[in-house]
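Colleague: Take this structure, written in structure tokens, and hold onto it; I'll ask about it next.
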Amino acid sequence: MSALALKLGTLLIRQVTRPVANVLKAQAKQHDKFKEVCVGLAQRMHRVDARLRTRLSTAERELKIRPLNDARAVENGATLLSEAFVFGVTGSVVVWETLRQRTKELNRRDQVAKDISFLQSEIEELRAALLAAEPETERASKKQDPQK
Numbered sequence: 001m002s003a004l005a006l007k008l009g010t011l012l013i014r015q016v017t018r019p020v021a022n023v024l025k026a027q028a029k030q031h032d033k034f035k036e037v038c039v040g041l042a043q044r045m046h047r048v049d050a051r052l053r054t055r056l057s058t059a060e061r062e063l064k065i066r067p068l069n070d071a072r073a074v075e076n077g078a079t080l081l082s083e084a085f086v087f088g089v090t091g092s093v094v095v096w097e098t099l100r101q102r103t104k105e106l107n108r109r110d111q112v113a114k115d116i117s118f119l120q121s122e123i124e125e126l127r128a129a130l131l132a133a134e135p136e137t138e139r140a141s142k143k144q145d146p147q148k
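With the UniProt record's numbering, the residue at position 76 of the sequence shown is 76, and numbering never jumps.
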């Protein structure tokens, strides 16, 4: 497969994930089980965010963190799920592309190593043939020039 077609294919996958993520987000807002998961994720994320902000801004350790209302929690949780989906798909494409490039490079290096090995063996064979032919050429040159 050509590199251009591969790049276009990965771009297509990235473009398709966004609408799928939006559908996932809409489904998460409508179904009760998804709502429960979204609310739990959003509330946990809200608590962690609030704790980090208070620890960075003040020296106080324990503040009562008011939970998000359900509508906002569902919205935040659904957004988190859709973004996690997009991140997972694009991350997978990046990992796949990296592995593909690495495999291609390793195959190229293996081929270069095989070519070098073949050429070295050819050189050795030619060297051996040259050494074997050397006495014969010396005899032939002595016959032509007896003074040597």
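Beta carbons: idealized from backbone N, C-alpha and C, even for Gly. Since this is a predicted model, take the numbers as computed values, not measurements.
Taking the alpha helix (DSSP H) that K142 falls in, what are its first and last residues?
Modeller: Position 142 of the sequence shown holds residue 142. Unbroken alpha helix (DSSP H) run through K142: D70 to Q144.
Colleague: Rounded to whole angstroms, what is the Cα-Cα separation between D115 and K104?
Modeller: Numbered from 1 along the sequence shown, position 115 holds the residue referred to as residue 115. Numbered from 1 along the sequence shown, position 104 holds the residue referred to as residue 104. In a straight line, the C-alpha of D115 is about 16 angstroms away from that of K104.
Colleague: Between P19 and Q43, which are expected to be in contact by the criterion C-beta below 8 angstroms, what is the C-beta distance as a whole number of angstroms?
Modeller: Translated into the one-based positions of the sequence shown, residue 19 becomes position 19. Translated into the one-based positions of the sequence shown, residue 43 becomes position 43. Actually they are not in contact, since the Cβ atoms of P19 and Q43 sit about 28 angstroms apart, beyond 8 angstroms.
Colleague: Taking C-beta to C-beta, are C38 and A84 nearer than 8 angstroms?
Modeller: Counting from 1 along the sequence shown, the entry for residue 38 is found at position 38. Counting from 1 along the sequence shown, the entry for residue 84 is found at position 84. Cβ distance not < 8 angstroms, so C38 and A84 don't count as in contact.
Colleague: Buried or exposed for F34, please, with buried defined as at least 16 other CB atoms from any protein chain shown within 10 angstroms of its CB.
Modeller: As a position in the sequence shown, residue 34 is number 34, starting the count at 1. Buried, by the Cβ-count rule.
Colleague: Taking just the CA atoms, how far does L126 sit from E138?
Modeller: Within the sequence shown, the letter at position 138 stands for residue 138. Within the sequence shown, the letter at position 126 stands for residue 126. Looking at the two C-alpha atoms, the distance is approximately 18 angstroms.
Colleague: If distances are taken between C-alpha atoms only, which option among S57, K7, T17 and N76 comes closest to T90?
Modeller: Counting from 1 along the sequence shown, the entry for residue 90 is found at position 90. Closest option to T90, Cα to Cα, is T17.
Colleague: Can you check the region 3 to 38 for any alpha helix (DSSP H) of at least 4 residues that lies completely inside it and give the ranges in chain order?
Modeller: List check, alpha helix (DSSP H) in window: 3 to 30.
Colleague: For R66, which three-state DSSP category applies?
Modeller: By one-based count along the sequence shown, residue 66 stands at place 66. Residue state, collapsed to three classes: coil.
Colleague: Indicate the three-state DSSP secondary structure (helix, strand or coil) for T54 in the structure shown.
Modeller: Indexing the sequence shown from 1 puts residue 54 at position 54. Reduced to three states, the DSSP call for T54 is helix.
Colleague: Assuming T25 contacts L81 (C-beta within less than 8 angstroms), just tell me the rounded distance between them.
Modeller: In the sequence shown, counting from the first residue as 1, residue 25 sits at position 25. In the sequence shown, counting from the first residue as 1, residue 81 sits at position 81. A quick correction: the sequence has Lys, not Thr, at residue 25. Indeed they touch by this definition, with Cβ atoms about 7 angstroms apart.
Colleague: I need the straight-line Cα distance from G77 to E36, nearest angstrom please.
Modeller: On the sequence shown, residue 77 is found 77 positions in, with the first residue counted as 1. On the sequence shown, residue 36 is found 36 positions in, with the first residue counted as 1. Roughly 9 angstroms separates the two Cα atoms.
Colleague: One question on the structure: do V86 and A3 come within less than 8 angstroms of each other, judged by their Cβ atoms?
Modeller: Stepping through the sequence shown from its first residue, residue 86 is reached at position 86. Stepping through the sequence shown from its first residue, residue 3 is reached at position 3. The answer is no: Cβ separation not under 8 angstroms.
Colleague: When the Cα atoms are used, what is the spatial distance from R109 to R102?
Modeller: Start at 1 with the first residue of the sequence shown, and residue 109 comes out as number 109. Start at 1 with the first residue of the sequence shown, and residue 102 comes out as number 102. If I take the Cα positions, the gap works out to 10 angstroms.
Colleague: Looking only at its own chain, which residues have a Cβ that is under 6 angstroms from the Cβ of I13, when we skip the five neighbours before and after it?
Modeller: The count along the sequence shown starts at 1 and reaches residue 13 at position 13. Correct list, in chain order: V93.
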